[in-house]
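The listed protein sequences correspond, in order, to chains L and W.
If you're matching positions, the first sequence starts at 1 in the working numbering and goes up one per residue.
If you're matching positions, the second sequence starts at 1001 in the working numbering and goes up one per residue.
Glycine is no exception: its CB is placed at the ideal position from the N, C-alpha and C atoms.
Contents: one structure, followed by commentary.
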Amino acid sequence: MLHRPVTVSAQRLVTPLAVSWLSYRALFSWLNPLGYVSSRLLKPVGLTLGFSSIGHSAGFRVDYLLIGTSLLSCVTAFIFGASLAVGNERSYGTLDLWLASPAHFGRDLSLRLFPHAVDAVVSGIITFTVACAIFGKFPISILTYSAAAVLVVAASVGIALAVAASAVIVKDMFVVPNAAQLVLMIAGAGLVPVSLLPPPVELVSRAIPLRYVIDFIGVNSGNGWQYSHIGHLAACAAAWMAIGMATQFLFFSAARRAMQS
Amino acid sequence: MPSEAEIVAGDSLSGRGKQIASRALVVQAAFDRQIRSNWGSPVAVISTVGVPFAYLFVIQTLSAGDSGVGQDRLLAACGIGILDGMVTLLVITLLGEKRDATIAVLLGAPFGFIWVLFGRLTGIAIQALAGAPVVVALAWLSWGTPQWDHPARFAIGVIAVLAGCAGVLGPLAYAILRFPYSAGMTNGILGVFIASSGMIAPPQDLPPTLGVIAQFFPHSHILTWVRGGAHLHLAIAIGEIATLLVATAALLSSYENSVRSKAVSLAA
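Next up, the structure:
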């Protein structure tokens, strides 16, 4: 009996992690090396090398693109993972069962997103390291980059929640994350710095956390951390969190109600 | 559905008749089976129009190009759309054939399986190409009249890039048919292509190793030719494309033989 409180608290920790892992393991056949290496390593490394070469060709700073593209790849990996964490339930024919279960979707979804957040950060760090090694230059240390990757993924949780929730409503689970990826490429400031964006696109970029992370780590100024941008980053991340939670509540309730009627 | 043992090539026709019928089969496979059944899928539209426009936006904005997109950049962007669209459509199409167990029916085609698959590839190529005029129109609207230095070379370049993508992706069609598909296995193709094909950034602007690899992609030579390079580059590109297409035909033929001799399961 003396051990009971310890067991209960251990269970409280282990059960959510088990839910996270089971969802990741069961819904993602890409844990096989071929799919994982292709999606999480070849694609982001290739894009980072390609865009950095484009920058070199256009007479633009390769440093910026090595950091920006690999951070962008973190966010897109997270968003695609989040979307598939819900959408694959439909592919495997288990979405109805999940919707009919008494699960708390907000909690369940957050647990499902967790492994993808970790995965996105790891993939981002590998991408940055490999691309920089091939170009023979490290514009920032791997440690600084890792901190930026954690920050950008944490700030994008709201976007990931909204995209994941949309997979309950939109049948083709690739449409929303692909569209989000396009917006991030054009307006996310990972590929094109804010100072070069046309005014309407710059306006859109204000709603994207990646922009503020790039400002925060000082990629533009080259003077290290720029703490004055932390407020913008926090506000943007919080706004997306609110949108994400509202979206998931709305979409899951609607889907559940549609099932009952 | 005919059993695999009953699949016999159309022996009753003369050589000329077979030739005409095989061409008809390619056309039917391209237009009926491919285009009609996959036209307008939202992901295909994003791949063939959205993605290339995003690339063009990045390239054009980074180089501070306010007036007209260069025709080489325009071709490179169209090429990205063609490749991305073709990868998406190949996967959707061939996995659909596997899922619906229609490969056995295709093997019953009177003049061989390869013609049907080349028809499918042609349909996929045409469908992927359909995005190119939209990309050109969007570029025109965004940055004004493109810089048509060599319009004829651009037009030929589009066809060559299309054929090059079909050649590069031919072995992928074989891999999808022959081996069990694993989700995400095709995602890296665009990355590898962008990093090492020499189409988006010229080979001399790539890191040295990738610059050497780019020489083996027909696209780097096509783009060099479109930028006003020697005709030799186009010849090299055509040679590389022909080699890739012959390799594709050989791979598909080996797959067909393996399936007919029941060495490989259709459900693989």
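C-beta atoms of residue i and residue j nearer than 8 Å
i                  : j                  : result
LEU111 of chain L  : SER20 of chain L   : yes
LEU65 of chain L   : GLY124 of chain L  : no
VAL1069 of chain W : ILE1189 of chain W : no
LEU191 of chain L  : THR69 of chain L   : yes
LEU1062 of chain W : GLY55 of chain L   : yes
ASP349 of chain L  : PRO139 of chain L  : Residue 349 of chain L lies beyond the stretch modelled for chain L, which goes from 1 to 261, so this question has no answer here.
ALA1077 of chain W : ALA1160 of chain W : no
GLY1119 of chain W : THR1248 of chain W : no
LEU1106 of chain W : GLU1097 of chain W : yes
GLY106 of chain L  : GLN248 of chain L  : yes
ILE208 of chain L  : ALA187 of chain L  : yes
LEU113 of chain L  : ALA164 of chain L  : yes
VAL121 of chain L  : LEU210 of chain L  : no
VAL1226 of chain W : GLY1157 of chain W : yes
LEU1251 of chain W : TYR1174 of chain W : yes
GLY1170 of chain W : THR1048 of chain W : no
PRO1202 of chain W : SER57 of chain L   : yes
LEU1245 of chain W : CYS1165 of chain W : no
GLN1204 of chain W : TRP1148 of chain W : no
Proximal residues of chain W, C-beta to C-beta of residue i below 8 Å
i                 : result
VAL45 of chain L  : GLY1191, ALA1195
HIS56 of chain L  : ALA1201, ASP1205
LEU161 of chain L : Those do not exist, as LEU161 of chain L stays about 22 Å from chain W at its closest Cβ, beyond 8 Å.
TYR36 of chain L  : GLY1184
PHE216 of chain L : Under the 8 Å cutoff, chain W gives no residues; its nearest Cβ is about 22 Å from PHE216 of chain L.
Contact list for residue i against chain L, beta-carbon separation under 8 Å
i                  : result
ILE1046 of chain W : VAL175, ASN178, ALA179, LEU182
PRO1171 of chain W : Per Cβ cutoff of 8 Å: no residues; PRO1171 of chain W is ~15 Å from chain L at best.
PRO1042 of chain W : ASP172, VAL175
Alpha-carbon spacing of residue i relative to residue j, whole angstroms
i                  : j                  : result
GLY50 of chain L   : ASP108 of chain L  : 37 Å
PHE1179 of chain W : THR1122 of chain W : 22 Å
ALA1163 of chain W : MET185 of chain L  : 28 Å
ALA162 of chain L  : TYR24 of chain L   : 19 Å
VAL14 of chain L   : GLY1184 of chain W : 29 Å
SER38 of chain L   : VAL1192 of chain W : 9 Å
PRO1002 of chain W : ILE1114 of chain W : For PRO1002 of chain W, the predicted model reports a pLDDT of 41, less than 50, meaning its position is unreliable and no value from the coordinates is stated.
GLY1050 of chain W : GLY1079 of chain W : 13 Å
SER1142 of chain W : ALA1054 of chain W : 12 Å
TRP240 of chain L  : ALA234 of chain L  : 10 Å
GLU1006 of chain W : ILE1046 of chain W : Reliability of the predicted coordinates at GLU1006 of chain W is poor, the pLDDT of 38 falling under 50, and the value obtained from them is presented with this limitation in mind. So the two alpha carbons sit approximately 42 Å from each other.
GLY158 of chain L  : GLY244 of chain L  : 4 Å
HIS1219 of chain W : ALA26 of chain L   : 39 Å
GLU1215 of chain W : ARG1153 of chain W : According to the sequence as given, residue 1215 of chain W is Gln; it is not Glu. Cα to Cα, GLN1215 of chain W sits roughly 20 Å from ARG1153 of chain W.
PRO102 of chain L  : GLY1081 of chain W : 44 Å
VAL194 of chain L  : ALA1139 of chain W : 21 Å
SER1196 of chain W : THR94 of chain L   : 40 Å
PRO44 of chain L   : ASN178 of chain L  : 15 Å
ALA1009 of chain W : VAL1116 of chain W : Bear in mind that a pLDDT of 42 at ALA1009 of chain W, under 50, signals an unreliable position, so the model cannot answer this.
ALA1101 of chain W : ILE1124 of chain W : 20 Å
ILE1200 of chain W : GLN1060 of chain W : 12 Å
SER141 of chain L  : GLU1240 of chain W : 41 Å
GLN226 of chain L  : HIS232 of chain L  : 12 Å
TYR212 of chain L  : CYS236 of chain L  : 8 Å
ARG40 of chain L   : GLY218 of chain L  : 26 Å
TYR145 of chain L  : PHE128 of chain L  : 8 Å
LEU99 of chain L   : PRO1042 of chain W : 26 Å
ASN1187 of chain W : SER1254 of chain W : 26 Å
VAL1135 of chain W : HIS1231 of chain W : 27 Å
Chain L contact residues for residue i, given Cβ-Cβ distances below 9 Å
i                  : result
SER1067 of chain W : Per Cβ cutoff of 9 Å: no residues; SER1067 of chain W is ~14 Å from chain L at best.
Residue i: contacting residues in chain L (beta-carbon distance under 7 Å)
i                  : result
ILE1059 of chain W : ILE54, ALA58
GLY1050 of chain W : LEU182
is_contact[residue i, chain A] using C-beta, thresh 8 Å
i                  : result
ALA1054 of chain W : Although the question refers to chain A, the structure presented lacks it and instead comprises the protein chains L and W.
Residues that residue i contacts on chain W, provided the C-beta gap is smaller than 7 Å
i                 : result
SER39 of chain L  : GLY1184, ASN1187, GLY1188
ASN32 of chain L  : SER1182
VAL192 of chain L : VAL1058, THR1061, LEU1062
ILE186 of chain L : ALA1054, PHE1057
Near the ligand MG: residue i beta-carbon under 7 Å from a heavy atom
i                  : result
LEU1251 of chain W : In the structure on display, the ligand MG does not appear, and there are no ligands present to speak of.
Proximal residues of chain W, C-beta to C-beta of residue i below 9 Å
i                 : result
PHE249 of chain L : In chain order: nothing, as chain W lies at least about 26 Å away.
LEU196 of chain L : THR1061, LEU1062, ALA1064
Discussion item. Taking beta-carbon pairs under 8 Å, can you tell me which members of the stretch 1183-1217 of chain W lie near chain L?
Written reply: Within the stretch 1183-1217 of chain W, the qualifying residues are ALA1183, GLY1184, MET1185, THR1186, ASN1187, GLY1188, ILE1189, LEU1190, GLY1191, VAL1192, PHE1193, ILE1194, ALA1195, SER1196, ILE1200, ALA1201, PRO1202, ASP1205, LEU1206, PRO1207, THR1209, LEU1210.
Worksheet entry | Interface positions of the stretch 1128-1149 of chain W facing chain L (Cβ-Cβ less than 8 Å), listed along the chain | Cβ contacts with chain L come from no residue of the stretch 1128-1149 of chain W.
Worksheet item: Unbroken alpha helix (DSSP H) runs of length 4 or more, entirely within the stretch 100-165 of chain L: which are they?
Response: Counting only runs of 4 or more, we get 105-135, 142-155.
Fill in: Proximal residues, the stretch 1218-1230 of chain W versus chain L, C-beta separation under 9 Å
When CB distances to chain L are screened at a threshold of 9 Å, not a single residue of the stretch 1218-1230 of chain W falls below it.
Item to complete: Mind checking the stretch 115-139 of chain L against chain W and listing, in chain order, the residues whose C-beta falls within less than 7 Å of any C-beta there?
Response: Per Cβ criterion, the list reads ILE134, PHE135.
Worksheet item: Using a Cβ cut-off of 7 Å, which residues of the stretch 1092-1122 of chain W contact any Cβ in chain L, in chain order?
Response: Here the close residues number zero.
Practice prompt. Pick out the complete alpha helix (DSSP H) segments inside the stretch 162-187 of chain L, 4 residues or longer, and give them in chain order.
Written response: Fully enclosed alpha helix (DSSP H) runs of 4 or longer: 175-187.
Discussion item. Just to confirm the assignment: which complete beta strand (DSSP E) runs, minimum length 3, are found wholly within the stretch 24-70 of chain L?
Written reply: Whole beta strand (DSSP E) segments, 3+ residues: zero.
Worksheet entry | alpha helix (DSSP H) runs wholly inside the stretch 1131-1168 of chain W, at least 4 long, in chain order | Within the stretch 1131-1168 of chain W, the runs of alpha helix (DSSP H) at least 4 residues long that lie entirely inside it are, in chain order, 1131-1143.
Discussion item. To test your reading of the DSSP string, which unbroken beta strand (DSSP E) runs of 3 or more residues are found completely within the stretch 1063-1138 of chain W?
Written reply: Correct list: empty.
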